[in-house]
Amino acid sequence: MEILEKRNFGPRWRKWIYQITHLGSVGVKINGLEGSFFTTGKGPRQGDTISPLLFNLVVDILSKMLAKAVANDLIKGLCSDLVPSGVVCLQYAYDTILFVDKDED
């Protein structure tokens, strides 16, 4: 929730996202009969429309952390002949691939 506050999400948005990620409830339907609902507490359901927003918030922070690590010479990306500091990370949809040069020391 701290990320949302730092990104200037208002209190209403933060409350909605908290409820989605912590207070979600589901029910199971078998042969047309609905069972009782229970709290999941494990984040949004698969395919939830809020998932891309949450993913983008997290990967934005990850890319900034990786950029800092490169700037401080903690890691090196690959293909530095093509890109000045090398390719460290590629992201597409929900996939993230890290490219870090192997340190022999």
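For the sequence shown, my numbering assigns the number 121 to the initial residue and increments by one for each residue that follows.
All C-beta atoms, glycine included, are put in the ideal place defined by N, C-alpha and C.
Quick caveat: nothing in here was measured; it's all calculated off a predicted structure.
As assigned by DSSP and simplified to three states, the class of residue i
| i | result |
| --- | --- |
| D180 | helix |
| I217 | strand |
| I137 | helix |
| V207 | strand |
| L198 | strand |
Residue i and residue j closer than 9 Å at C-beta
| i | j | result |
| --- | --- | --- |
| L190 | C199 | The question names Leu, but residue 190 is Val in the sequence shown. No, Cβ-Cβ distance for V190 and C199 is not below 9 Å. |
| S145 | T159 | yes |
| C209 | L186 | yes |
| E154 | G147 | yes |
| L177 | R127 | yes |
| M121 | R134 | yes |
Local Cβ density within 10 Å of residue i, reported as buried at 16 or more and exposed below that
| i | result |
| --- | --- |
| G167 | exposed |
| L124 | buried |
| I137 | buried |
| G197 | buried |
DSSP bridge partner residues for residue i (one or two, in chain order)
| i | result |
| --- | --- |
| F175 | According to DSSP, F175 bridges with nothing at all. |
| K149 | E154 |
| T159 | S145 |
Stretch-stretch touch, CB-based, cutoff 8 Å, three pairs: the segment 169 to 184 with the segment 208 to 222 = yes
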